[in-house]
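Remarks on the structure that follows.
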Amino acid sequence: MRWRLHLKSYKQRFKLFFLILCLTVFHNEYFVYWYDSMKWPSISCLQLENQQCQRILIVSDPQILGLHEVFGWIAYTDSDWYLQKSFYYALRYINPDVIIFLGDLMDEGSTSTNDEYKFYKTRFSKIFDTSQFQSKIIYLPGDNDIGGEGTDHVTQNKMERFNSNFPSQTENILGNAQFVVVNRIIGDFSLPTVSTIKDKYRIVLSHIPLTFIPGIFSREVITKLKPNAIFSAHDHRIAMATTRQNDSHYFQVDNFTEDSAVIKKQLNDEDCTEVIWPTCSYRMGVEKSGYGFATIGDDGLMEIGVLWIHSRFWTLHIYLIVIAFCLGLFVCLKYLKHFSFKMRKQPSISC
Numbered sequence: 305m306r307w308r309l310h311l312k313s314y315k316q317r318f319k320l321f322f323l324i325l326c327l328t329v330f331h332n333e334y335f336v337y338w339y340d341s342m343k344w345p346s347i348s349c350l351q352l353e354n355q356q357c358q359r360i361l362i363v364s365d366p367q368i369l370g371l372h373e374v375f376g377w378i379a380y381t382d383s384d385w386y387l388q389k390s391f392y393y394a395l396r397y398i399n400p401d402v403i404i405f406l407g408d409l410m411d412e413g414s415t416s417t418n419d420e421y422k423f424y425k426t427r428f429s430k431i432f433d434t435s436q437f438q439s440k441i442i443y444l445p446g447d448n449d450i451g452g453e454g455t456d457h458v459t460q461n462k463m464e465r466f467n468s469n470f471p472s473q474t475e476n477i478l479g480n481a482q483f484v485v486v487n488r489i490i491g492d493f494s495l496p497t498v499s500t501i502k503d504k505y506r507i508v509l510s511h512i513p514l515t516f517i518p519g520i521f522s523r524e525v526i527t528k529l530k531p532n533a534i535f536s537a538h539d540h541r542i543a544m545a546t547t548r549q550n551d552s553h554y555f556q557v558d559n560f561t562e563d564s565a566v567i568k569k570q571l572n573d574e575d576c577t578e579v580i581w582p583t584c585s586y587r588m589g590v591e592k593s594g595y596g597f598a599t600i601g602d603d604g605l606m607e608i609g610v611l612w613i614h615s616r617f618w619t620l621h622i623y624l625i626v627i628a629f630c631l632g633l634f635v636c637l638k639y640l641k642h643f644s645f646k647m648r649k650q651p652s653i654s655c
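My numbering numbers the first residue of the sequence shown as 305 and each following residue consecutively.
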């Protein structure tokens, strides 16, 4: 009889711990992504049905982890899931006309073998699945994709491999915007020849920031391409600068990190606004990660902001806390059961 009671008590404890763990998994792997989306900013362009605007989703520095990561498949599987779930909600929130990948798509893309590269490309396509949308996709190479940082040099083979797996045009004309891709990594200061279209807002795309790093290339971009805005990445953090096109000296920098922050800029021929977008990966050593968005109305009003995502390290800490709590509770219950059993066996003293 006591053995049956003990087994029943053990099953009850197991059910309790299992329920706690299931609730923790549901919270960490599903609920928090939905909760993130509930805090994302209200975008006026998306709410007015009669207003025409270009909807842009920016994916910056995802750097999907490679096979040579310290914790191997555990690390890259966890990171892949984080990127896939967050991108799923961001994609449906913006319903973009254009999706821009601003480079550093892979963490080990430049140094990988061809077989490893195929494996990374398969994972990338699964993580950033856009098959249900008709969005135009623009890919930029980063230094982790084709080299260009330290002793990892850019080569023709690396560039050809990237372009064959992530095909994209230098110039893309979509709606009211003209997107022009420039590459500061390769060290070639020659700029692409683009169409002169007066009724389109010109957006220059670069993996390496331009106006934040003054130089010949930045000056050439400002004076020759005359962009209304520049979208860049690489720094993993959000920042914004406004530059006068007639002197190419940047004079204003803004930061915005609040969940609901939306900054509005009127695009014109006098100023050029550069936005450095944050990484969407939690593995890049920054406190906050997220996906950028921008909308450009026919009147030239540009709304920009970030769809911030929760810290994955925070949810991993929750796992550790819950597991420690369950183990501690198990030990306490076992000790109390043993203590109560000894108390029952002690003979009673009667007067």
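C-beta atoms are modelled at their ideal positions from N, C-alpha and C, and glycine is treated no differently. Bear in mind the structure is a predicted one, so any value in this text is a computation, not a measurement.
Inter-residue spacing [alpha-carbon to alpha-carbon] between residue i and residue j
{"i": "residue 322", "j": "residue 330", "result": "12 Å"}
{"i": "residue 565", "j": "residue 413", "result": "34 Å"}
{"i": "residue 601", "j": "residue 357", "result": "4 Å"}
{"i": "residue 407", "j": "residue 328", "result": "34 Å"}
{"i": "residue 523", "j": "residue 370", "result": "36 Å"}
{"i": "residue 485", "j": "residue 452", "result": "17 Å"}
{"i": "residue 457", "j": "residue 450", "result": "8 Å"}
{"i": "residue 399", "j": "residue 509", "result": "20 Å"}
{"i": "residue 305", "j": "residue 377", "result": "In this predicted model, residue 305 has a pLDDT of only 45, less than 50, meaning its place in the structure is not dependable enough to derive any value."}
{"i": "residue 430", "j": "residue 437", "result": "14 Å"}
{"i": "residue 632", "j": "residue 375", "result": "27 Å"}
{"i": "residue 521", "j": "residue 363", "result": "24 Å"}
{"i": "residue 421", "j": "residue 584", "result": "21 Å"}
{"i": "residue 310", "j": "residue 626", "result": "Residue confidence is low: residue 310 scores 49 on pLDDT, short of 50, so the model does not pin down where it sits. Its coordinate-derived value is still stated next. Roughly 25 Å between the two C-alpha positions."}
{"i": "residue 656", "j": "residue 316", "result": "With the chain covering 305 to 655 only, the question about residue 656 has no answer from this structure."}
{"i": "residue 383", "j": "residue 403", "result": "21 Å"}
{"i": "residue 618", "j": "residue 336", "result": "11 Å"}
{"i": "residue 307", "j": "residue 334", "result": "Residue placement at residue 307 cannot be trusted, given a pLDDT of 44 that sits under 50; the coordinates are not used to answer."}
{"i": "residue 654", "j": "residue 320", "result": "No answer about residue 654 holds up, because its pLDDT of 49 lies below 50 and its placement is not dependable."}
{"i": "residue 616", "j": "residue 623", "result": "11 Å"}
Residue i: first and last residue of the uninterrupted beta strand (DSSP E) it sits in
{"i": "residue 535", "result": "533-536"}
{"i": "residue 548", "result": "543-548"}
{"i": "residue 574", "result": "First-last for residue 574: undefined, no H or E at that position."}
{"i": "residue 404", "result": "402-405"}
Buried versus exposed, by CB contacts within 10 Å (16 or more), residue i
{"i": "residue 578", "result": "buried"}
{"i": "residue 483", "result": "buried"}
{"i": "residue 538", "result": "buried"}
{"i": "residue 443", "result": "buried"}
{"i": "residue 645", "result": "Confidence in residue 645 is poor, its pLDDT being 48 and thus under 50, which makes the residue's placement unreliable; the coordinate value appears in the next sentence. It counts as exposed."}
{"i": "residue 614", "result": "buried"}
{"i": "residue 411", "result": "buried"}
{"i": "residue 636", "result": "exposed"}
{"i": "residue 506", "result": "buried"}
{"i": "residue 318", "result": "exposed"}
{"i": "residue 359", "result": "buried"}
{"i": "residue 572", "result": "exposed"}
{"i": "residue 656", "result": "Coverage of the chain is limited to positions 305 through 655, which leaves residue 656 absent and any answer about it impossible."}
{"i": "residue 629", "result": "exposed"}
{"i": "residue 574", "result": "exposed"}
Three-state secondary structure (DSSP) of residue i
{"i": "residue 605", "result": "strand"}
{"i": "residue 308", "result": "Confidence is the limiting factor: at residue 308 the pLDDT is only 44, short of 50, which leaves the residue's position unreliable and the question unanswerable from this model."}
{"i": "residue 506", "result": "strand"}
{"i": "residue 482", "result": "strand"}
{"i": "residue 592", "result": "coil"}
{"i": "residue 456", "result": "strand"}
{"i": "residue 521", "result": "helix"}
{"i": "residue 489", "result": "coil"}
{"i": "residue 656", "result": "Residue 656 lies beyond the stretch modelled for the chain, which goes from 305 to 655, so this question has no answer here."}
{"i": "residue 516", "result": "coil"}
{"i": "residue 475", "result": "strand"}
{"i": "residue 598", "result": "strand"}
{"i": "residue 498", "result": "coil"}
{"i": "residue 530", "result": "coil"}
{"i": "residue 612", "result": "strand"}
{"i": "residue 645", "result": "Its pLDDT being 48, under 50, residue 645 is placed unreliably in this model, and the value from its coordinates should be taken loosely. The answer is helix: DSSP assigns residue 645 an H, G or I state."}
{"i": "residue 654", "result": "Residue placement at residue 654 is poorly supported in this model, since its pLDDT is 49, which falls under 50; the coordinates are not used for a value here."}
{"i": "residue 374", "result": "coil"}
{"i": "residue 568", "result": "strand"}
Endpoints, the alpha helix (DSSP H) within which residue i is located
{"i": "residue 420", "result": "418-431"}
{"i": "residue 443", "result": "Premise fails: residue 443 lies in the beta strand (DSSP E), 440-443, not in any alpha helix (DSSP H)."}
{"i": "residue 361", "result": "Careful: residue 361 lies outside any alpha helix (DSSP H), inside the beta strand (DSSP E) at 357-363."}
{"i": "residue 448", "result": "447-450"}
{"i": "residue 334", "result": "Note, residue 334: premise wrong, no alpha helix (DSSP H); not H, not E."}
{"i": "residue 349", "result": "348-351"}
Residue i CB to nearest heavy atom of the ligand GDP below 7 Å
{"i": "residue 546", "result": "The ligand GDP is not part of this structure, which contains no ligands at all."}
Exercise. Below 8 Å, can you find three or more Cβ-Cβ pairs linking the segment 469-479 to the segment 489-502?
Worked result: Contact between the segment 469-479 and the segment 489-502 is present, because at least three Cβ pairs lie under 8 Å.
Exercise. Do the segment 457-472 and the segment 376-392 meet, that is, are 3 or more Cβ pairs less than 8 Å apart?
Worked result: Using a C-beta cut-off of 8 Å, the segment 457-472 makes no contact with the segment 376-392, since fewer than three inter-stretch Cβ pairs fall below that distance.
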